[in-house]
Every structure is written in C-alpha cells, then in structure tokens.
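Numbering (our numbering), first residue to last: 1 to 181. I have placed the structure first, in the form of structure tokens, so that the comments after it can refer back to it.
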C-alpha cells in the first residue's frame with residue numbers, strides 16, 4: 001500500500017508539473033488556443049446568437065433530422081468552412097480549485113497505473129518504464145487522438161508530446177521506485 005501511494009503521489013506530481021510546463025512556460029498548446037484580433041467581434045456575435053452554454057458543431061442538423069437529409073446536408077457542406085464552438089456565457093476561473101482538481105486527478109491516475117503495474121510479475125525497471133509509457137499512449141490514443149480523427153486539433157502534436165514526456169518521466173520514477181529492493 002505504501003508503494004502504491006508514494007508511487008502514485010510522486011508520479012502524479014511529475015505528470016502535473018510536466019502538464020503545467022507544457023501549457024504555460026513551454027506554450028506547446030498555443031496552436032489549440034490561438035489568438036485572433038477579431039475575437040471581440042466574434043464573441044459579441046456568438047453572444048447574440050447563443051442563449052446558453054454548449055458545444056456547437058457548425059455543420060450539424062436539428063435533432064430528428066432524417067439520415068437522408070443529414071447525408072444531403074453533409075455533401076452540400078463538403079469543401080466549405082466548419083467550426084466546433086465551445087461557448088460559455090460567462091468566464092469563471094477558479095485557479096486554486098482547478099489546480100487542486102488537476103493535481104488530484106493526476107495522482108489518482110498514476111495510483112491506478114501503479115496498481116496495474118504492480119500486478120505484473122516479475123517486474124524490472126524496463127518493464128515498468130515501458131508499461132508506464134504504454135499507459136500514456138493509451139491515454140493519448142483514447143482521448144485527444146480519437147477526437148482528432150473526427151475533429152482535427154491544431155495542437156495534436158503537443159498532446160502526443162505530453163503523453164510521451166509526462167508518462168516517460170513518470171515511468172523513469174516508477175521504474176526506479178517500484179523495483180528497488
């Protein structure tokens with residue numbers, strides 16, 4: 001139990017620190033949150049169009065549209081602009097709570113990974129490192145990459161870098177910590 005908790009807490013902190021660096025100092029995700037000088041104009045227009053928070057796929061059809069009509073509309077839209085808009089009526093940022101929740105979730109995530117890795121037998125530094133790296137790739141493939149397949153993300157390479165570096169560093173830690181005598 002001690003190895004599970006210490007491995008998870010330190011590994012979670014390692015991943016959390018990498019994520020912090022990736023999104024702030026290193027600015028790797030800038031392509032996914034880029035600036036436009038027309039943002040105030042766009043936001044004012046969106047505010048006049050949307051009555052509530054939501055994610056809007058700007059080639060979607062109304063609920064209940066037949067498959068034939070959806071296919072027809074999709075064909076008409078081919079080669080034309082489209083957008084996926086995450087709209088919020090009001091900016092609310094609670095950095096303290098967001099940081100706390102982010103740290104706790106990364107710690108829990110690594111605790112789960114340590115539990116899985118502890119079930120491997122026999123273990124070695126290499127097996128633990130590779131297992132941890134593969135978990136990171138599963139995380140990447142399951143979420144950012146799967147979304148990128150359908151809705152291309154400008155910062156997909158930053159997400160891949162995050163998975164490889166964060167889980168690689170965590171794997172070095174866990175490879176050493178879990179396999180020491």
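The C-beta atom is built at its ideal place from N, Cα and C for all residues, glycine as well. On a predicted model such as this, the values are computed, not experimentally measured, just so you know.
C-alpha distance - residue i paired with residue j, whole-angstrom precision
i, j, result
"residue 106", "residue 68", "44 Å"
"residue 149", "residue 130", "26 Å"
"residue 134", "residue 47", "42 Å"
"residue 61", "residue 120", "48 Å"
"residue 99", "residue 74", "40 Å"
"residue 65", "residue 72", "11 Å"
"residue 92", "residue 54", "15 Å"
"residue 174", "residue 141", "22 Å"
"residue 118", "residue 171", "13 Å"
"residue 9", "residue 76", "52 Å"
Supposed close pair residue i, residue j - CB separation, criterion 8 Å
i, j, result
"residue 179", "residue 124", "6 Å"
"residue 155", "residue 32", "3 Å"
"residue 14", "residue 169", "5 Å"
"residue 177", "residue 12", "Wrong, their Cβ atoms sit about 13 Å apart, outside the cutoff."
Cβ-heavy atom distance, residue i to the ligand GTP, below 6 Å
i, result
"residue 97", "Looking at this structure, you won't find the ligand GTP or any other ligand, since it has none at all."
When the options are compared against residue i, the one with the closest alpha-carbon
i, options, result
"residue 87", "56, 102, 113", "56"
"residue 49", "38, 128, 85, 70", "85"
"residue 104", "4, 7, 16", "16"
"residue 26", "167, 176, 158, 181", "158"
"residue 2", "115, 37, 167, 89", "115"
"residue 138", "128, 34, 167, 101", "167"
Helix, strand or coil at residue i [DSSP, three-state]
i, result
"residue 91", "coil"
"residue 65", "coil"
"residue 41", "helix"
"residue 56", "strand"
"residue 34", "coil"
"residue 86", "strand"
"residue 123", "coil"
Touching by the beta-carbon criterion (3+ pairs, under 8 Å), the stretch 71-84 and the stretch 93-113: No contact exists between the stretch 71-84 and the stretch 93-113.
At least three beta-carbon pairs within less than 8 Å, the stretch 138-154 to the stretch 19-27: No contact exists between the stretch 138-154 and the stretch 19-27.
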